[in-house]
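> For the sequence shown, this note's numbering gives the first residue as 2, with consecutive numbering after it.
Below is the structure I would like to discuss, written out as structure tokens.
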Amino acid sequence: MTLIQVYAPTTDAEEEGVNLKLTKYVIFRWWKISLRSEYREARPGELKESHEDFLDDPSLQIQIAIVFGSSTLEHIFNLCRGNFDFLVRLPDTLLLYIMSYLDLEDIARLSQVSHRFETLCNSDKLWEVIVQDLLGTITPEMKSLAQEIGWKQFFFTNKLQLQLQLRRRKKKSAGSSGSVSD
Numbered sequence: 002m003t004l005i006q007v008y009a010p011t012t013d014a015e016e017e018g019v020n021l022k023l024t025k026y027v028i029f030r031w032w033k034i035s036l037r038s039e040y041r042e043a044r045p046g047e048l049k050e051s052h053e054d055f056l057d058d059p060s061l062q063i064q065i066a067i068v069f070g071s072s073t074l075e076h077i078f079n080l081c082r083g084n085f086d087f088l089v090r091l092p093d094t095l096l097l098y099i100m101s102y103l104d105l106e107d108i109a110r111l112s113q114v115s116h117r118f119e120t121l122c123n124s125d126k127l128w129e130v131i132v133q134d135l136l137g138t139i140t141p142e143m144k145s146l147a148q149e150i151g152w153k154q155f156f157f158t159n160k161l162q163l164q165l166q167l168r169r170r171k172k173k174s175a176g177s178s179g180s181v182s183d
């Protein structure tokens, strides 16, 4: 199973690059393809180390930091230590399903974790499920209003305001349908 694989070209002028792949091993590959005579003998290379050996190898760590950056190196460290973040690998539909069981305070906290979670925690899909679970039955008028103002806004609007907005919509639709038939 591949945990991560990244590629980086090392220069624009030459056909050369570096590949980092993390499986049961940390695999660091490099190559250079050039017609220049000084590089004709350049061969591709590969370093393959266990996770434990990688954690004790500062020279490979430095190479990875230079080519891919310190954030990638830190991510590799975490994976080699067994610190997996499975949530970021889950599809949005499954995350939304899980989020629908959270308390409102937990949804608010989760929205601060990352941009992806912020987007999901504020999505109409999540709030539609929350409203559906809370109310049980949603009339077509309520659904129409929720789609217009957003399901999250619909959820946080108090009942009196919702009833007022629904009455206004009914009057407005009755008035516009009456004027069409005149």
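Every residue, glycine too, gets a C-beta built ideally from N, C-alpha and C.
Report the residue from Trp32, Met100, Lys49, Glu47 whose alpha carbon sits nearest the alpha carbon of arginine 41.
Closest option to arginine 41, Cα to Cα, is Trp32.
> Can you pull the DSSP bridge partners for tyrosine 8?
Bridge partners of tyrosine 8: Asn20.
> When you compare only the Cα positions, how much space is there between leucine 163 and valine 114?
Taking the straight line joining both Cα atoms gives about 31 Å.
> Is glycine 46 helix, strand or coil by DSSP?
If DSSP states are grouped into helix, strand and coil, glycine 46 belongs with the strands.
> How far does the alpha helix (DSSP H) with tyrosine 98 in it extend, from its first residue to its last?
Here the alpha helix (DSSP H) through tyrosine 98 covers 93-100.
> Given arginine 170, which residues of its chain have a CB within under 8 Å of its CB, disregarding the five upstream and five downstream residues?
Once the five neighbours on either side are set aside, the close Cβ partners of arginine 170 are Glu142, Ser145, Leu146.
> Thinking just about the alpha-carbon of each residue, which of Leu136, Asn123, Phe69 is nearest to the one in arginine 30?
If we check each option's Cα against that of arginine 30, Phe69 comes out closest.
> So for valine 139, helix, strand or coil by DSSP?
Looking at the sequence provided, one finds isoleucine at residue 139 rather than valine. The answer is coil: DSSP assigns isoleucine 139 none of H, G, I, E or B.
> Serine 51 by DSSP, collapsed to three states: which one?
Three-state result, serine 51: strand.
> If you compare alpha carbons, which of Lys160, Lys153, Thr24, Glu75 is closest to isoleucine 131?
Comparing Cα positions, the closest option is Lys153.
> Nearest by alpha-carbon distance to phenylalanine 155: which of Ala175, Asp57, Gly176, Ser124 is it?
Minimum Cα distance to phenylalanine 155 is reached at Ser124.
> Straight-line CA distance for valine 19 to aspartate 93?
Rounded to whole angstroms, valine 19 to aspartate 93 spans 32 Å at the Cα level.
> Please classify serine 182: is it buried, with 16 or more other beta-carbons within 10 angstroms of its beta-carbon, or exposed?
Reliability of the predicted coordinates at serine 182 is poor, the pLDDT of 46 falling under 50, and the value obtained from them is presented with this limitation in mind. Answer is exposed; the Cβ neighbour count stays below 16.
> Measuring only the C-alpha atoms, how far is threonine 120 from glutamate 129?
Cα-Cα distance, rounded: 14 Å.
> Pick helix, strand or coil for phenylalanine 78, following the three-state DSSP scheme.
The answer is helix: DSSP assigns phenylalanine 78 an H, G or I state.
> Could you tell me the distance, in whole angstroms, from the CA atom of leucine 161 to the CA atom of isoleucine 150?
Near 16 Å, if we compare the C-alpha coordinates of isoleucine 150 and leucine 161.
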